[in-house]
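In my numbering, the protein residues as written are 130 to 418.
Data block below; observations after.
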């Protein structure tokens with residue numbers, strides 16, 4: 130009886146510790162509204178609203194900072210892409226993250242209003258520069274609101290932090306590498322069919338598989354189940370046998386698919402330059418079929 134009581138006591142203490150600590154569940158990519166409610170407002174937790182400023186001002190999660198995915202697009206630097214495969218120079222990214230109160234030790238939760246493309250782009254950007262504890266809120270602000278959790282109009286007070294980038298260069302790639310390895314890699318174009326065939330763009334990188342990002346999203350505009358996504362990827366002829374390289378037009382949609390592939394255990398590379406960079410050189414081939 131004493132042993133049973135002791136185990137019960139230990140279980141209760143462990144549960145209290147888990148609730149009190151700003152930590153994540155086993156999922157390395159997503160966090161539920163319920164899990165977030167248990168850590169929101171705790172020291173070291175940074176909530177990032179990846180929507181535009183107009184949406185943020187209407188209502189947002191308490192304490193959330195507004196880091197719109199569009200800001201990454203605005204700061205996109207073609208010279209940085211050609212030099213180090215990243216959209217934003219490292220020094221500028223460090224300053225930007227620090228201004229949002231993000232440090233290397235921060236526990237970060239990113240959300241948007243589904244589809245989760247904007248959240249995935251901010252998640253991806255933070256991860257590429259070395260942030261470790263980053264999750265996407267499953268269902269975004271709609272799921273939070275549906276569960277009748279509080280929202281606010283109050284703009285968050287930000288305490289600047291220091292972020293030191295540790296660029297994950299092994300994941301990033303560029304046009305020159307793709308040109309040299311095209312026969313031995315699997316290119317995945319995540320844009321629309323119309324863009325792929327050149328009806329709404331210049332076309333695609335020859336040899337690429339078309340896997341529109343929307344195909345991996347469910348009715349709630351978040352990621353489909355692992356089983357569903359694996360089946361879709363397999364049906365497109367994409368396998369783990371060859372290196373996968375993911376791209377789109379400028380990197381936003383590709384980040385959603387990259388996140389999905391990463392969840393599923395693939396080891397994809399990410400071409401941040403995407404078609405905007407590829408088409409910049411007239412000597413690079415373009416496919417339209």
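Even glycine gets a Cβ: it sits at the ideal position worked out from N, Cα and C.
Starting from residue 236, trace the beta strand (DSSP E) in both directions and tell me its first and last residue.
On the chain shown, residue 236 is found 107 positions in, with the first residue counted as 1. Note, residue 236: beta strand (DSSP E), 236-240.
Buried or exposed for residue 318, going by 16 or more other Cβ atoms inside 10 Å?
To locate residue 318, count along the chain shown from 1; it is residue 189. Classification of residue 318: buried, given that the 10 Å Cβ count is 16 or more.
Nearest to residue 194 by alpha carbon, out of 208, 215, 222 and 227?
What you label residue 194 is simply residue 65 of the chain shown in a count that begins at 1. Considering only 208, 215, 222 and 227, the residue with the shortest C-alpha distance to residue 194 is 227.
Strand pairing of residue 160, partner residues [DSSP]:
For the purposes of this step, residue 160 is identified with residue 31 of the chain shown, where counting begins at 1. 266, per the DSSP bridge assignment.
Inter-residue Cα distance where the pair is residue 177 and residue 240
The residue given as residue 177 occupies position 48 in the chain shown. The residue given as residue 240 occupies position 111 in the chain shown. One C-alpha to the other measures close to 6 Å.
Determine which residues share a DSSP beta bridge with residue 281 and list them.
Residue mapping note: residue 281 aligns to position 152 of the chain shown, counting from 1. Answer is 189.
On the criterion of 16 or more Cβ atoms from any shown chain inside 10 Å, does residue 180 qualify as buried, or is it exposed?
Position 51 of the chain shown, counted from the start, is the residue given in the question as residue 180. It counts as buried.
Residue 400 versus residue 173 - alpha carbon distance
As a working mapping, residue 400 is identified with position 271 in the chain shown. As a working mapping, residue 173 is identified with position 44 in the chain shown. So the two alpha carbons sit approximately 32 Å from each other.
Rounded C-alpha distance that separates residue 383 from residue 167:
Position 254 of the chain shown holds residue 383. Position 38 of the chain shown holds residue 167. Distance between the alpha carbons of residue 383 and residue 167 is about 31 Å.
As assigned by DSSP and simplified to three states, the class of residue 301
Translated into the one-based positions of the chain shown, residue 301 becomes position 172. Residue 301 falls in the strand class under three-state DSSP.
Cα-Cα separation, residue 198 to residue 257:
Taking the first residue of the chain shown as position 1, residue 198 is located at position 69. Taking the first residue of the chain shown as position 1, residue 257 is located at position 128. Going from the Cα of residue 198 to the Cα of residue 257 covers about 14 Å.
Please list the terminal residues of the continuous beta strand (DSSP E) segment that includes residue 370.
Taking the first residue of the chain shown as 1, we reach residue 370 at position 241. Looking at the DSSP string, residue 370 is not in any beta strand (DSSP E), and its letter there is neither H nor E.
6 Å Cβ shell around residue 188 - same chain, five flanking residues per side excluded:
Working through the chain shown from its first residue, we reach residue 188 at position 59. 280.
Own chain, CB closer than 6 Å to residue 248, minus 5 neighbours either side, in chain order:
For the purposes of this step, residue 248 is taken as the residue at position 119 of the chain shown. Taken in chain order, the residues that qualify are 179, 239, 240, 241 and 265.
How is residue 339 classed by DSSP in three states: helix, strand or coil?
Working through the chain shown from its first residue, we reach residue 339 at position 210. If DSSP states are grouped into helix, strand and coil, residue 339 belongs with the strands.
Return helix, strand or coil for residue 353, following the three-state DSSP convention.
Taking the chain shown and counting its residues from 1, the one referred to as residue 353 is at position 224. The answer is coil: DSSP assigns residue 353 none of H, G, I, E or B.
In DSSP terms, what residue 316 is bridged to:
For the purposes of this step, residue 316 is taken as residue 187 along the chain shown, with counting starting at 1. Its beta-bridge partners are 374.
Inspect the beta-carbon positions of residue 416 and residue 334 and report whether they are closer than 8 Å.
Looking up residue 416 in the chain shown gives position 287. Looking up residue 334 in the chain shown gives position 205. Yes, the pair counts as a contact, with Cβ atoms nearer than the cut-off.
Between residue 406 and residue 207, what straight-line distance do the alpha-carbon atoms span, to the nearest angstrom?
Counted from its first residue, the chain shown places residue 406 at position 277. Counted from its first residue, the chain shown places residue 207 at position 78. Going by the C-alpha atoms only, they are around 8 Å apart.
According to DSSP, simplified to helix, strand and coil, what is residue 412?
Looking up residue 412 in the chain shown gives position 283. Three-state DSSP puts residue 412 in coil, outside helix and strand.
Cα-Cα separation between residue 86 and residue 201, rounded to whole angstroms
An answer regarding residue 86 cannot be provided, because it is not within the stretch 130 to 418 covered by the chain.
On the CB-based measure, 16 or more other CB atoms within 10 Å of its CB, does residue 322 come out buried or exposed?
Against the chain shown, residue 322 aligns to sequence position 193. Residue 322 is exposed by the Cβ-count criterion.
Just list the residues that DSSP pairs residue 176 with in beta bridges.
Reading the chain shown from its first residue, position 47 is the one you call residue 176. For residue 176, which the question treats as bridged, DSSP gives the partners 238.
Rounded Cβ spacing between residue 159 and residue 267 (contact assumed at less than 8 Å)
Position 30 of the chain shown, counted from the first residue, corresponds to residue 159. Position 138 of the chain shown, counted from the first residue, corresponds to residue 267. At roughly 5 Å, the Cβ-Cβ gap stays under 8 Å, so residue 159 and residue 267 are in contact.
Name the DSSP beta bridge partners of residue 398, please?
Within the chain shown, numbered from 1, the residue matching residue 398 stands at position 269. Residue 398 is bridged to 374.
Where does residue 137 sit, in a helix, a strand or coil, going by DSSP?
The residue given as residue 137 occupies position 8 in the chain shown. Low per-residue confidence applies at residue 137: pLDDT is 42, beneath 50, and the placement is therefore not dependable enough to give any value.
Cα-Cα separation, residue 327 to residue 408:
Along the chain shown, one-based indexing puts residue 327 at 198. Along the chain shown, one-based indexing puts residue 408 at 279. Their Cα atoms are separated by approximately 12 Å.
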